[in-house]
Amino acid sequence: TDNVNYMASNLTSQVRDIANVATAVARGDLSQKVTVNVRGELLQLKENLNQMVDSLNTFGDEVTRVAREVGTEGKLGGQAVVPNVRGTWKDLTDNVNTMAA
1 TDNVNYMASN LTSQVRDIAN VATAVARGDL SQKVTVNVRG ELLQLKENLN
51 QMVDSLNTFG DEVTRVAREV GTEGKLGGQA VVPNVRGTWK DLTDNVNTMA
101 A
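The numbers in full-length UniProt numbering rise by one with no breaks, and the one at position 83 of the sequence shown is 83.
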């Protein structure tokens, strides 16, 4: 029973760490990453969540850079470059680029 309790406690701790990062991201805090040591499906979840944080940071940085170039420096034609972007993020990137052109 002690072994089962340990495994359950360990799993709860791992899921809690992942949930804390997901909550931070939902609130706009992109400085958090999942750092807990996990395996299997939780490792895949960890890697996907951390990749999402990286992608959101890249997108935010590019939008900020283009907005600064257009709004502050008056440079037209700046383009956001977000590698491997798809779906809604691609649409948003394209819209930012259209507005900056």
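Beta carbons are placed, not taken as given, at the ideal position from N, Cα and C, and that holds for glycine.
Per DSSP, the continuous alpha helix (DSSP H) segment holding residue 14 begins and ends at 2 to 26. In the assembly as shown, residue 93 is a buried residue. Its beta-carbon has 16 or more other beta-carbons within 10 Å. Straight-line spacing of the CA atoms in residue 90 and residue 58 works out to 12 Å.
The Cβ neighbour count for residue 101, taken over all protein chains shown within 10 Å, is under 16; the residue is labelled exposed.
A distance below 6 Å between beta-carbons, with the five flanking residues on each side excluded, links residue 30 to the following residues of its chain, in chain order: 53, 56 and 57.
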